[in-house]
Amino acid sequence: MPVSAPPRALSALVGLPVLLFALLTWQVVADGPLVGVDERLSGALVHPDRFSELLSDLGNVQVAVPVLVVALAYVAWHGRAGGVHLWWLPPLAGVLAMALVPALVAPLKEWTDRPGTPAVPPATGYYPSGHTATALVAYGAAAVLLLGRLRAPTVRRTLVVLCALLVLGTSYGLVRRGYHWPLDVVASWCLGVVLLTGVRLVDRRIPPGRTPRDVSRSTRRSSSGTPSSSNGPS
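All residue numbers for the sequence shown refer to the numbering used here, where the first residue is 938 and numbers rise by one.
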């Protein structure tokens, strides 16, 4: 039977990030007190260097999206080979989540019209951070979908840690390099969490099938004449 998240947990996963995002957006548009704190924090953190530049590049579409594509291809293959019903739905959820990033971020950038930090040329449209959202959704969706298909606890923990390091590294690099204010990054975390919650909910509603290894073993048993409920003793 499909497994659904508890209503309270679902409300927290979606409601809290939405509320925080609304608060941050209001502060940015109204030039509220948090903006002053944000600017002072940015001034203390900004220190452009080559390392921060490389970290910020982890949020580039050319870097993050191919990682997601490879993960989605594996998830699709794993599901189809394992005889999972609607095996294509989790990969589709990952694709839609990634497609929603520019669809949501671009209008918000134009509407908020936030200027950049002193470390970048004069321009507007920095809120929220598209690179942060891209990194969080690409690496996060890959991790969310792969976790349900990996059995070894060590591998699962390594995947979670790697995903966290990639997202946090991207976020730190963007702020350290001065490409984004800290609030730009936090706002994109909120958007990303909501999108990843959707991916997770879709994936949890797909009943598990047999692993490709199980299918291979079943095929070998059938070809060797192993008795089964359908053909009886050979």
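By construction, the Cβ of each residue, glycine as well, lies at the ideal position given by its N, Cα and C atoms. From a predicted model like this one, the values you see are computed outputs, not experimental measurements.
{"Query": "Start and end residues, alpha helix (DSSP H) containing threonine 1049", "Result": "1026–1049"}
{"Query": "Cα-Cα separation between threonine 1095 and glycine 1106, rounded to whole angstroms", "Result": "16 angstroms"}
{"Query": "Rounded Cβ spacing between methionine 1035 and alanine 1078 (contact assumed at less than 8 angstroms)", "Result": "7 angstroms"}
{"Query": "Residue interval of the alpha helix (DSSP H) (run including serine 888)", "Result": "Past the edges of the chain, shown from 938 to 1171, lies residue 888, and the structure says nothing about it."}
{"Query": "Segment contact flag, the region 1042–1061 with the region 990–1008, C-beta cutoff 8 angstroms, min 3 pairs", "Result": "no"}
{"Query": "Top-ranked residue by Cα proximity to arginine 987, from Leu1132, Gly1129 and Leu1111", "Result": "Leu1111"}
{"Query": "Histidine 1068: first and last residue of the uninterrupted alpha helix (DSSP H) it sits in", "Result": "1067–1084"}
{"Query": "Contact the region 958–970 vs the region 1084–1101: 3+ CB pairs below 8 angstroms", "Result": "no"}
{"Query": "Close beta carbons around valine 951, own chain, < 7 angstroms, minus the five adjacent residues each side", "Result": "Val1131 and Thr1134"}
{"Query": "Check whether leucine 1120 and valine 965 have beta carbons under 8 angstroms apart", "Result": "yes"}
{"Query": "Cβ-based neighbour list, threonine 998, same chain, cut-off 8 angstroms, excluding 5 preceding and 5 following", "Result": "The amino acid at residue 998 is misidentified as threonine; the sequence shows valine. For valine 998, where only same-chain residues beyond five positions count, the Cβ hits under 8 angstroms are Thr1071."}
{"Query": "Alpha-carbon spacing of proline 1144 relative to alanine 1013, whole angstroms", "Result": "14 angstroms"}
{"Query": "N-terminal and C-terminal residue of the alpha helix (DSSP H) that arginine 1088 is part of", "Result": "Taken as a continuous stretch (DSSP letters only), arginine 1088 belongs to no alpha helix (DSSP H), as it is neither H nor E."}
{"Query": "Short Cβ contact (8 angstroms threshold) for threonine 962 with threonine 1049", "Result": "yes"}
{"Query": "Nearest-angstrom Cα separation, counted from valine 1123 out to leucine 1103", "Result": "15 angstroms"}
{"Query": "Candidates Ala1040, Leu1029, Tyr1116 and Val1042, of which the one nearest arginine 1137 by Cα", "Result": "Leu1029"}
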